[in-house]
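In my numbering, the protein residues as written are 344 to 593.
Here's the structure we're looking at; comments come further down.
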Ligand SMILES: [Mn+2]
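What follows is the structure in structure tokens.
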């Protein structure tokens, strides 16, 4: 029984090569009893349970449904680019869509997986915006709008008028990296003090990790980074204390 975590692929379309990498990974790697966690921003934008997206990414939906029937346990943690997703895998599906965290016990290690956009408690304007995007008003707006229109809005909001490649547009800013590291490490420490052994996050696209030992206890914080650039996802294998990075096979 293994745990897989992937986040921040920012898939723009079904022609995106990282999309094929994701499909191959889901198809070939996880087996019955394994956990597979999508930790947010898998898609550059997917807002609401709209046919439009299901059609665009129908292979994703069908592979996840198939593997779920075969016994893989899926979680989808919503990100700041993909949210209001309840129902996208079908109303009766057993695939868990959650809005912030997944907590698991694996090999007697307590694990918490989160997208990471809640890491900075001082970023009040972002937190307010996040609340707004998930509010009843937006839910109603998404429900009555066409998929094409939501897609257009999502594209405009995530890209603006910028023509730069996504890998550059979303790369963490060198100047802010030390600040990011501080924020995410503090965030991890909060979970360690609540009894978690492994903290996994994404969102900031910084390929960071640290481990520490206190007495008998061993802790790990690991960030998925930016798979479009680093080409990696995370796996915690049965019998291993820590998550490790694994390269996509091409
Ligand atoms: Mn994000």
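Yeah, the Cβ is synthetic: ideal placement off N, Cα and C, and Gly gets one too.
Note that the structure is predicted; figures quoted are calculated from it, not measured.
Worksheet entry | Alpha-carbon to alpha-carbon, residue 420 and residue 457 | 7 angstroms
Fill in: Uninterrupted beta strand (DSSP E) stretches inside the region 532–584 (no shorter than 3 residues)
541–544, 552–557, 560–566 and 575–579
Fill in: residue 446 to residue 545 span [Cα, whole Å]
15 angstroms
Item to complete: Compare the C-beta of residue 516 with all C-beta atoms of chain B and state if any pair is closer than 9 angstroms.
Response: Absence of chain B from the displayed structure is noted, only one protein chain being present.
Worksheet item: Are the beta-carbon atoms belonging to residue 509 and residue 571 less than 9 angstroms from one another?
Response: yes
Discussion item. For residue 455 and residue 425, which I take to be in contact (beta-carbon distance under 8 angstroms), what is that distance rounded to the nearest angstrom?
Written reply: Incorrect: roughly 20 angstroms between the Cβ atoms, too far for contact.
Worksheet item: Using DSSP with H/G/I as helix, E/B as strand and the rest coil, what is residue 368?
Response: helix
Practice prompt. Name the two residues that bound the continuous alpha helix (DSSP H) containing residue 399.
Written response: 394–399
Worksheet item: From residue 379 to residue 431, what distance separates their C-alpha atoms?
Response: 17 angstroms
Worksheet item: Using the beta-carbon count (16 or more within 10 Å), is residue 599 buried or exposed?
Response: Outside the shown range of the chain (344 to 593) lies residue 599, about which nothing can therefore be said.
Discussion item. Quick check: the Cα distance between residue 390 and residue 557, rounded to an integer number of angstroms?
Written reply: 42 angstroms
Practice prompt. Check whether the Cβ of residue 371 lies closer than 8 angstroms to any heavy atom of ligand 1, and answer yes or no.
Written response: no
Discussion item. Below 8 angstroms, is the gap between the Cβ of residue 384 and the nearest heavy atom of ligand 1?
Written reply: yes
Worksheet entry | residue 405 versus residue 441: straight-line alpha-carbon distance, rounded | 20 angstroms
Fill in: At least 3 beta-carbon pairs within less than 8 angstroms: the region 490–506 vs the region 365–384
no
Worksheet item: Is the beta carbon of residue 461 sitting closer than 9 angstroms to the one on residue 478?
Response: no
Worksheet item: Is residue 438 near residue 376, with beta carbons less than 9 angstroms apart?
Response: no
Discussion item. Helix, strand or coil for residue 526? Go by DSSP, reduced to three states.
Written reply: helix
Worksheet item: Under 9 angstroms between the Cβ atoms of residue 581 and residue 450?
Response: yes
Item to complete: Could you check what DSSP says for residue 499 in three-state terms: helix, strand or coil?
Response: helix
Fill in: residue 573 Cβ short of 8 angstroms to ligand 1 heavy atom set
no
Worksheet item: Bridge partners of residue 446, per DSSP?
Response: 455
Item to complete: Give the secondary structure of residue 508 by DSSP, where H, G and I count as helix, E and B as strand, and everything else as coil.
Response: coil
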